[in-house]
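Peer 1: I have a structure I would like to understand better, so I am pasting it below and will then ask my questions one at a time.
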Amino acid sequence: NGKIKQWKFMAQIIQNSITRFISDYLDIICALINKYQCPAVKDIENGREIAMKMREMLTTENRLQERLAKHTGTTSLYWSKHNTANFQFPPLTEENIRDRTFGSYQIRMAKFYIIEHIRQSQTNEEEMEFLVELCNKHDDLVRARFQSRHSNNKKHIATVQFDNHKQQPIDEWYCTCSAGAREVGMYSHITALLWHLGVNKAVISTDNHPLSASRLIKAINDSTHFSENDSNSDDDASALNDSDTNNSEDDLS
Numbered sequence: 070n071g072k073i074k075q076w077k078f079m080a081q082i083i084q085n086s087i088t089r090f091i092s093d094y095l096d097i098i099c100a101l102i103n104k105y106q107c108p109a110v111k112d113i114e115n116g117r118e119i120a121m122k123m124r125e126m127l128t129t130e131n132r133l134q135e136r137l138a139k140h141t142g143t144t145s146l147y148w149s150k151h152n153t154a155n156f157q158f159p160p161l162t163e164e165n166i167r168d169r170t171f172g173s174y175q176i177r178m179a180k181f182y183i184i185e186h187i188r189q190s191q192t193n194e195e196e197m198e199f200l201v202e203l204c205n206k207h208d209d210l211v212r213a214r215f216q217s218r219h220s221n222n223k224k225h226i227a228t229v230q231f232d233n234h235k236q237q238p239i240d241e242w243y244c245t246c247s248a249g250a251r252e253v254g255m256y257s258h259i260t261a262l263l264w265h266l267g268v269n270k271a272v273i274s275t276d277n278h279p280l281s282a283s284r285l286i287k288a289i290n291d292s293t294h295f296s297e298n299d300s301n302s303d304d305d306a307s308a309l310n311d312s313d314t315n316n317s318e319d320d321l322s
């Protein structure tokens with residue numbers, strides 16, 4: 070669809086009177102795309118494997134959702150908050166995550182989600198932290214809370230089940246958002262949690278965060294510099310006005 074909409078005619082609202090010609094236009098456009106542009110699928114064999122894997126997962130039940138549902142409304146599970154910097158999680162690559170998301174969009178979104186949820190540390194004001202919650206009874210579970218992008222009054226809980234002893238350590242995942250139980254194409258909240266813990270190794274680049282001390286100091290210095298320049302400009306303007314006044318008085322005398 071993206072390649073087709075690059076054509077101006079297909080990127081706009083089409084009048085009903087032209088719909089009978091759409092099929093012919095579409096055939097011509099697709100023929101030109103196939104002839105002169107790069108293939109939509111570069112690795113056809115890999116694409117087939119991905120398609121087969123997606124079809125297999127399409128009917129798979131979310132076992133972590135079922136596992137957590139057994140404890141809904143009970144106090145049998147207790148979750149405690151921890152800084153991700155102090156939590157050991159199996160290492161992952163972006164390719165590992167891409168195999169679960171079937172694309173790169175969620176990975177791009179994941180990085181924004183993490184930045185949005187980094188907070189100033191309550192134990193050290195000079196540091197930033199991202200909090201996760203660990204279960205008191207099951208050491209194979211970790212979860213994090215994410216603010217909904219659509220409602221300020223709603224938070225979603227992304228939970229991951231993992232096994233440090235497996236070559237593929239991610240067993241199951243589930244999120245309380247509307248699409249969080251799907252198996253085909255991991256949702257962005259889950260992707261964000263896995264990316265930060267497994268790929269990013271829970272490292273927070275404080276210099277890049279808007280609340281970081283270095284950025285705040287730079288902002289203060291910039292504003293002070295601007296204020297001094299503004300003050301100097303006012304002084305210069307005042308001096309010019311005084312000079313003009315004195316010259317006018319000399320002329321009158």
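With the sequence shown counted from 1, adding 69 to any position gets you the numbering used here. Glycine residues also receive a C-beta, built at the ideal position from the N, C-alpha and C atoms.
(1) How far does the beta strand (DSSP E) with I226 in it reach, from first residue to last?
(2) With Y256 and G249 assumed to form a contact (beta carbons below 8 Å), what rounded beta-carbon distance in angstroms separates them?
(3) Taking the C-alpha atoms as reference points, what is the distance between G172 and E130?
(4) Just how far apart, CA to CA, sit I87 and C107?
(5) Are the CB atoms of I166 and W76 nearer to each other than 9 Å?
(6) Counting C-beta neighbours from all protein chains within 10 Å, is the total for P160 16 or more, i.e. buried, or is it exposed?
(7) Pick out whichever of Q134, N85, A261 has its Cα sitting closest to the Cα of H186.
(8) Would you kindly check if the distance between the Cβ of A213 and the Cβ of F231 is under 9 Å?
(9) Looking at the secondary structure, which residues open and close the beta strand (DSSP E) in which K150 lies?
(10) How would you call A271, buried or exposed, if buried means at least 16 neighbouring beta carbons within 10 angstroms?
(11) Among Q157, F78, G71, which one has its Cα closest to the Cα of D209?
(12) Since L203 contacts H151 with CB under 8 Å, what's their CB separation in whole angstroms?
(13) Helix or strand or just coil, what does DSSP make of D209?
(14) If distances are taken between C-alpha atoms only, which option among R218, N269, T245 comes closest to T141?
(15) Among R169, Y105, R124, whose alpha-carbon lies nearest the alpha-carbon of P238?
(16) When the Cα of A138 is compared with those of N70, T228, G254, K235, which residue comes out closest?
(17) Hey, how far is the Cα of L285 from the Cα of N155?
(18) Assign I91 to one of two classes, buried (16 or more other C-beta atoms within 10 Å of its C-beta) or exposed (fewer than that).
(19) Can you pull the DSSP bridge partners for V201?
(20) Give a yes or no on whether the C-beta atoms belonging to I273 and M178 are separated by under 9 Å.
(21) Roughly how many angstroms lie between the CA atoms of N103 and N70, to the nearest whole one?
(22) Look at the Cβ atom of E252, then the Cβ atom of R136, and state whether they are nearer than 9 Å.
Peer 2: On the basis of the supplied data:
(1) Taken as a continuous stretch (DSSP letters only), the beta strand (DSSP E) holding I226 covers 224-231.
(2) Indeed they touch by this definition, with Cβ atoms about 5 Å apart.
(3) If you draw a straight line from the Cα of G172 to the Cα of E130, it comes to about 21 Å.
(4) C-alpha separation (whole angstroms): 29 Å.
(5) The answer is no: Cβ separation not under 9 Å.
(6) P160 is exposed by the Cβ-count criterion.
(7) Per the C-alpha coordinates, the member of Q134, N85, A261 positioned closest to H186 is A261.
(8) In this structure, F231 keeps its C-beta atom at 9 Å or more from the C-beta atom of A213.
(9) Here the beta strand (DSSP E) through K150 covers 148-152.
(10) Its Cβ being crowded by 16 or more others within 10 Å, A271 is buried.
(11) With distances taken between Cα atoms, D209 lies closest to Q157.
(12) Beta-carbon to beta-carbon, L203 and H151 are separated by about 6 Å, close enough to satisfy the 8 Å threshold.
(13) The DSSP-derived three-state label of D209 is coil.
(14) In terms of CA proximity to T141, T245 leads the group R218, N269, T245.
(15) Answer by Cα proximity: R169.
(16) Considering only alpha carbons, the answer is T228.
(17) Legend: pLDDT at L285 = 49, less than 50; position of this residue unreliable, value from coordinates given subsequently. Near 26 Å, if we compare the C-alpha coordinates of N155 and L285.
(18) With a threshold of 16 other beta carbon atoms within 10 Å, I91 falls short and is exposed.
(19) In DSSP, V201 forms a bridge with H151.
(20) The criterion of a C-beta distance shorter than 9 Å is not satisfied by I273 and M178.
(21) Rounded to the nearest angstrom, the two C-alpha atoms are 13 Å apart.
(22) It is not a contact, given that the beta carbons lie outside the stated cut-off.
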